[in-house]
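Throughout, our numbering is defined as the position within the sequence shown, counted from one, plus 2.
All C-beta atoms, glycine included, are put in the ideal place defined by N, C-alpha and C.
Scroll down for the structure; my scribbles are underneath it.
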Amino acid sequence: MDSTVPGHTDSSGLGKGLKRRHMNLIALGGVIGAGLFVGSGVVIGGAGPGAIISFLIAGIITLLIMRMLAEMAVARPVVGSFYVYARQALGRRAGFATGWMYWYFFVIVVAVEAIAGGRILQLWLPMIPLWLLSLGLMLLLTATNMVSARSYGEFEYWFSSIKVVAIVLFLGMGALWITGLWPDSTPGLGNLVNHGGFTPLGWGAVLAAVVPCVAFYTGAEIVTIAAAESEEPKRAVAHAMRSIVVRIVTFYVGSILVVVTIQPWNTESVGVSPYAAVLEVLGIPGVATIMNFIVLTAVLSCLNSALYTTSRMLFALTRNGDAPKFFTTLSRNGVPRRAILLGTTVGYVSVACTYVWGDVVFGFLVNSYGAVALFVYLLIAISQVVLRRRLEREDPAALQLRMWLFPWLSYATIALMATVILAMAFLPTTRSQFLMSGLTLIVILISYEVRKLLGKGGRDDESLSAAPPVGSADESVAETEKRIESVETLGGSDIELLAAAQQKPHTHRHQRRQS
């Protein structure tokens, strides 16, 4: 049964408004975006029916990365998740790069999704300018995020529910058609091989298509960031990550299978909108309206999550001295409103630039973040290997959820992720994204060196075993005083100072007696 305890996390001051149902749908909905409903048509056009294999391979890579992240998140659920793990495992520079790359990635997502949502709305409201529609969407979801974490969770829950229901219905109708149970259907799997074979463009094209497919899966990791604002972070992350990624892979692979089985892969409509192409064959009335509504829901879900993620990552950066302490301040509900407003402002400035300078700027933005999330995934995988060794030495009992076949499967995952990134450098269709994303990384690393020269390189991380996780009840008086001093040094809010001061050992002992 879901329950919510008002208040704040013990160490961060962030609100604890997310229920378990929110966490499950955040993990699921963060991955199911417009890329699945529209962008998958490009992959099908480039790989043929073999796109099924491309999505399967990419899904397996993502599943392994998420398992590695889940191991760390369950052992040490902290504010900032993989950003903090990168700092602990690989040092300040790697942590700084990880946090800011991820922040940049989702700031650009805010801009991209706002434009996409505005374009869809303009189909129904052609008399309203695109910039005004995009602004309206951003203001609406910014206001939602400003209220509380629970407000974000509720919106994301319903957005994700609509997407999940749509996919389940799509898979169900597709299965009826393929088996001959749908009226006037042409059952069978002939379309998988009747138009040039299963891999009409060769296996090289299938493997190349894995690169954009991995990017489509980006977003499942948001649940580990949201864990800091859930009542039971360890249990919420463990439950979400055990099952959700498998469902995501099923949705992606199953959907692509239905598309290329019902419609020939080289049909023009499949390349434009694969879901709509199938619904048209099924004879569903109002196909265009239905798909526009579903895609709009997916866009709003991604925009909602992007605003949330940018603010929480920036908040985590401030806690370690990797961002201006100005953004540490929280509202009474434990919401980092200044961090939300920065993400919104930068996102809308990006949107405005595209209107002033056209598609050149928008193309630059898209290319500059295309591989950034993949860089983060690689750092997550490397961090897991380092921290797993450290946890085995310092706190083996914390390893409640373990990576499979460690260390060999972890090494294999790192190799696969590195291969995907290197492939971007050699494939003509992704080379520009690799180069511009590499430039983004270089700018971030230069920024770190500048901050370091100015004496703002951030504080040292505590050891993995010494640093208490979110909600820890095992701090000594000295550790509590150290936490308060750390928050004061960072210019923390009154809420943070109060939360830190309330972590007294005698309070924890009293709580233990009550339990």
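Which of helix, strand or coil does DSSP assign to residue i?
| i | result |
| --- | --- |
| S42 | helix |
| L2 | The requested residue 2 is not part of the displayed model; the chain covers only 3 to 517. |
| S370 | helix |
| S150 | coil |
| S187 | coil |
| S275 | coil |
| S439 | helix |
| S333 | coil |
| P214 | helix |
| S495 | In this prediction, S495 has a pLDDT of 39, which is less than 50 and means its spatial position is unreliable; what the coordinates show is noted afterwards. S495: coil per DSSP, three-state reduction. |
| Y159 | helix |
| E451 | helix |
Would you please state the rounded distance, in angstroms, between the beta carbons of residue i and residue j? I believe it to be under 8 Å.
| i | j | result |
| --- | --- | --- |
| L455 | F377 | That pair is no contact at about 24 Å. |
| A308 | E115 | 6 Å |
| V283 | M68 | Actually they are not in contact, since the Cβ atoms of V283 and M68 sit about 34 Å apart, beyond 8 Å. |
| A375 | V239 | 19 Å between Cβ atoms; not a contact. |
| L135 | G120 | 4 Å |
| I46 | V261 | 7 Å |
| L407 | A77 | Not a contact, Cβ separation roughly 18 Å. |
| M243 | A29 | 7 Å |
| I169 | F253 | 5 Å |
| P532 | G43 | Here the chain comprises residues numbered 3 to 517, so residue 532 is not present and cannot be evaluated. |
| M405 | R390 | 7 Å |
| S303 | S162 | 6 Å |
| P403 | W105 | The sequence given here places Leu at residue 403; Pro does not occur at that position. Not a contact, Cβ separation roughly 27 Å. |
| V422 | V213 | 6 Å |
| I342 | W102 | No, I342 and W102 are not in contact; Cβ-Cβ is about 17 Å, not under 8 Å. |
| G336 | L16 | 5 Å |
| A229 | P79 | 5 Å |
| W160 | Y357 | Not confirmed; about 31 Å, so no contact. |
Which same chain residues, not among the five before or five after residue i, have their C-beta less than 7 Å away from its C-beta?
| i | result |
| --- | --- |
| A118 | A36 and V301 |
| G19 | T6, S150, A151, R152, G155 and E231 |
| V255 | I54, F57, L58 and G61 |
| F157 | T146 and N306 |
| A113 | G349, S352, V353 and L367 |
| A427 | R433 and F436 |
| A88 | A96, G97, T100, L381 and S385 |
| F373 | Inspection of the sequence shows that residue 373 is occupied by Ala rather than by Phe. Excluding residues within five positions, the ones whose Cβ falls inside 7 Å are I423, M426, Q435, F436 and S439. |
| V166 | L30 |
Near residue i, what residues of its chain come up, given a Cβ to Cβ distance below 8 Å and the 5 sequence neighbours on each side ignored?
| i | result |
| --- | --- |
| H241 | R22, M25 and N26 |
| T346 | V112, M140, T144 and L309 |
| R237 | R22 |
| A207 | G48, A49, G50, G52 and T201 |
| I224 | I28, A29, G32, S307, Y310 and T311 |
| L125 | N294 |
| K458 | G323 |
| L173 | F253, G256, S257 and V260 |
| I122 | N294, V297, L298 and V301 |
| W205 | G52 |
| A290 | A278 |
Can you give me the Cβ contacts of residue i inside the same chain, cut-off strictly under 6 Å, excluding the 5 residues immediately before and after it?
| i | result |
| --- | --- |
| R314 | I227 |
| T320 | K327, F329 and T330 |
| I110 | L367 and Y371 |
| G82 | A318 |
| A210 | L429 |
| R279 | Per the sequence shown, residue 279 should be read as Ala rather than Arg. Once the five neighbours on either side are set aside, the close Cβ partners of A279 are Q265, S271 and V272. |
| N369 | S434, Q435 and M438 |
Three or more C-beta pairs under 8 Å: does that hold for the stretch 89-108 against the stretch 281-299? At 8 Å Cβ cutoff, the stretches do not touch.
Sufficient close CB pairs (3 or more, under 8 Å) joining the stretch 35-50 to the stretch 250-264: yes
Is the stretch 411-424 touching the stretch 63-79, taking contact as three or more C-beta pairs under 8 Å? yes
Is it a yes or a no for the stretch 162-181 touching the stretch 268-284, going by three-plus beta-carbon pairs under 8 Å? yes
Pairs of beta-carbons, one from the stretch 68-81 and one from the stretch 371-387, closer than 8 Å: are there three or more? yes
Report the start-end ranges of each alpha helix (DSSP H) in the stretch 72-134 that is 4 residues or longer and not cut off at the edges. Unbroken alpha helix (DSSP H) runs of no fewer than 4 residues, entirely contained in the stretch 72-134, are found at 84-92 and 94-126, following chain order.
Under 8 Å, with one C-beta from each stretch per pair, do the stretch 185-196 and the stretch 263-281 reach the 3-pair mark? yes
Which complete beta strand (DSSP E) runs does the stretch 384-442 hold, if anything under 3 residues is left out? Inside the stretch 384-442, DSSP marks no whole beta strand (DSSP E) run of 3 or more residues.
Go through the stretch 231-303 residue by residue and report every complete run of the alpha helix (DSSP H) that reaches 4 residues or more, in order. 235-264, 270-274 and 276-284
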